[in-house]
């Protein structure tokens with residue numbers, strides 16, 4: 003790893019650089035350059051392979067601007083906050099818990115504002131910039147606020163996560179899946195959080211990309227149909243127990259994690275395994291990955307279990323890049339309560355059940371004159387009230403009282419009677435639970451580049467620094483190089499480049515400088531293969547293909563190039579298996 007060296011290459015060669023540079027930049031915003039944009043799309047498309055192609059989840063796209071009432075229902079308007087403190091001298095703004103943790107090395111995330119203020123005062127924590135006094139801590143909402151429409155009457159926010167767009171569209175998504183649980187839906191796109199003090203490069207951005215899957219499951223059945231295929235998969239787990247006892251993470255199989263009640267369900271551990279496979283697929287070393295369970299005091303109040311995929315970095319320590327949570331039915335029930343829409347699904351029993359039910363029978367001759375326009379609402383209220391409650395009121399007070407839109411009504415047993423009988427029911431309506439793997443694409447790209455950065459000795463005996471990016475996600479797959487920058491070698495090389503591009507292989511042509519220098523330039527930006535055209539190519543119609551990581555070279559026919567390279571990129575064959 004080498005954060006500074008990797009970021010230097012990223013800025014110089016067009017992967018990542020700060021936005022708005024000619025205007026001195028704005029913290030929390032980064033551009034993806036020509037190579038970074040392709041790398042990002044390759045990683046997102048690989049994610050789609052995992053979740054859309056292999057898991058069979060479909061993808062939707064919801065607006066990035068959301069009206070206030072939707073985010074009020076989800077709790078973001080009231081609760082999506084960070085603790086803020088500000089220097090009373092220079093007005094520098096800080097996230098209070100981060101200031102405290104840096105000053106006294108104590109974990110204080112989640113403590114109330116008053117307690118954080120108390121800790122700052124007790125420990126005489128001051129402004130890093132000017133050593134001025136810090137103001138009392140107050141909660142700061144992280145959402146970007148905007149207005150919808152020219153009148154400015156409707157308030158909106160830039161979405162703080164992609165998940166809510168899925169929950170809001172649940173009725174239509176459920177119908178698409180014929181209301182058959184479990185089913186999953188994914189969304190990839192921008193989210194926005196007006197971070198207080200983003201000082202960690204691409205680790206903490208104000209505009210970032212998420213890839214999230216919302217997997218809706220039966221609350222009583224969180225087994226996974228493909229669990230047997232992953233139960234022997236090894237995971238490095240940092241559970242609550244190890245953290246609280248200050249012990250090291252433990253290595254165990256997915257099956258052991260379930261049997262020892264470390265992970266709460268097969269559904270959840272299955273998603274942990276997928277995340278592990280994805281991270282190693284994009285080049286993150288196994289020993290740089292761990293899954294950390296949220297501690298009791300940091301677990302969201304609605305979550306049964308939550309694990310973060312963390313990657314080790316030299317600059318920032320262990321960094322969360324994926325969150326995998328069992329969010330229960332919190333989101334759907336919140337939207338049910340605020341929208342008054344039915345977001346449940348019908349769960350059909352394998353065999354019908356016989357149940358005893360008590361149903362009301364209404365005297366409509368009395369309903370009309372008494373309730374008038376409220377008749378339908380009165381029936382709905384009485385149908386949804388426990389019959390025993392109504393009957394008990396009749397017996398004790400000879401009446402039952404209730405309210406409709408501020409109007410008080412009372413009825414006696416001449417309005418409604420109850421009949422108890424046995425019925426067969428075929429199922430019940432349930433509100434699904436949600437398993438959510440949430441991937442931070444920008445942090446994943448940073449981690450990929452960081453762990454791809456490699457230093458070793460080149461063929462010429464020189465130390466080379468290069469990006470060892472896996473071929474399947476490398477922005478440029480092949481560098482096409484004439485041995486010398488002369489005809490007819492240049493013409494042949496350019497024809498080869500055109501042929502490869504027609505086969506959807508992104509290439510670059512480089513004819514400037516010595517062949518060793520050109521290899522080094524390609525290696526630096528992570529090009530996995532180089533194809534060299536030499537004078538023998540004119541006679542035998544063959545070229546030399548070179549492996550970036552091993553320096554190994556093979557000589558193959560020009561006509562074989564598209565097939566061989568596509569197989570190498572997809573991982574269907576290995577370089578050493580190429581037949582010359």
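Residue numbers (my numbering): 3 to 582.
Cβ atoms here follow ideal geometry from the backbone N, Cα and C, with glycine treated the same way.
These numbers come from a predicted model, not from an experiment.
Coarse secondary structure for residue 577, derived from DSSP in three states: Helix, per DSSP.
Buried or exposed by the 16-neighbour rule on C-beta atoms within 10 Å, applied to residue 92: Under this definition residue 92 is an exposed residue.
Enclosing alpha helix (DSSP H) for residue 548 [first to last residue]: Run containing residue 548: none in the alpha helix (DSSP H); it sits in the beta strand (DSSP E), 544-549.
Nearest to residue 320 (by Cα), restricted to the options 366, 488, 448: Ranking 366, 488, 448 by Cα distance to residue 320 puts 448 first.
Neighbourhood of residue 251 by C-beta, 7 Å cutoff - its chain only, sequence neighbours within 5 removed: Counting only Cβ-Cβ distances below 7 Å, and skipping sequence neighbours, we find 238, 239, 240, 244, 292.
Cβ-Cβ separation, residue 335 to residue 267 (assumed contact under 8 Å), whole Å: Between residue 267 and residue 335 a beta carbon distance of about 19 Å is seen, past the 8 Å cut, so the two are scored as non-contacting.
Enclosing beta strand (DSSP E) for residue 509 [first to last residue]: Residue range 509-511 is occupied by the beta strand (DSSP E) that includes residue 509.
Residue 309 versus residue 253 - alpha carbon distance: Computed Cα separation, rounded: 15 Å.
Presumed contact (8 Å Cβ cut-off) between residue 443 and residue 212, rounded CB distance: Their Cβ separation, rounded to whole angstroms, is 7 Å, which keeps residue 443 and residue 212 in contact under 8 Å.
Start-end ranges of the alpha helix (DSSP H) lying completely within the segment 10-92, minimum 4 residues: Positions of the alpha helix (DSSP H) runs, each at least 4 residues long and wholly inside the segment 10-92, are given as 36-50, 70-76, 78-81 in order along the chain.
Own chain, CB closer than 7 Å to residue 208, minus 5 neighbours either side, in chain order: Same-chain partners within the cutoff: 30, 31, 194, 195, 196, 197, 200.
Where the alpha helix (DSSP H) containing residue 245 begins and where it ends: Its alpha helix (DSSP H) spans residues 242-246.
Any beta strand (DSSP E) of 3 or more consecutive residues that is wholly inside the segment 331-371: Runs found: 347-364.
Whole-Å CB distance - residue 17 paired with residue 48, under 8 Å assumed: Residue 17 to residue 48, Cβ: 17 Å. No contact.
Beta-carbon proximity check, residue 483 vs residue 534, cutoff 8 Å: With respect to residue 534, residue 483 sits close: the two C-beta atoms are nearer than 8 Å.
Coarse secondary structure for residue 215, derived from DSSP in three states: Three-state result, residue 215: strand.
Whether residue 94 touches residue 131 by CB criterion (8 Å): Their beta carbons are under 8 Å apart, which means residue 94 touches residue 131 by this criterion.
Same chain, Cβ closer than 7 Å to residue 128, neighbours up to 5 away in sequence not counted: The residues are 134, 135, 136.
8 Å Cβ cutoff met for residue 165 and residue 340: Contact flag unset, no.
Between the CA atoms of residue 63 and residue 580 - distance to the nearest angstrom: Near 42 Å, if we compare the C-alpha coordinates of residue 63 and residue 580.
Cutoff 6 Å; reference residue 549; Cβ partners in own chain excluding five residues on either side: 577.
Close beta carbons around residue 539, own chain, < 8 Å, minus the five adjacent residues each side: Contacts found: 491, 494, 545, 560.
Under 8 Å between C-beta atoms of residue 324 and residue 472: Cβ distance not < 8 Å, so residue 324 and residue 472 don't count as in contact.
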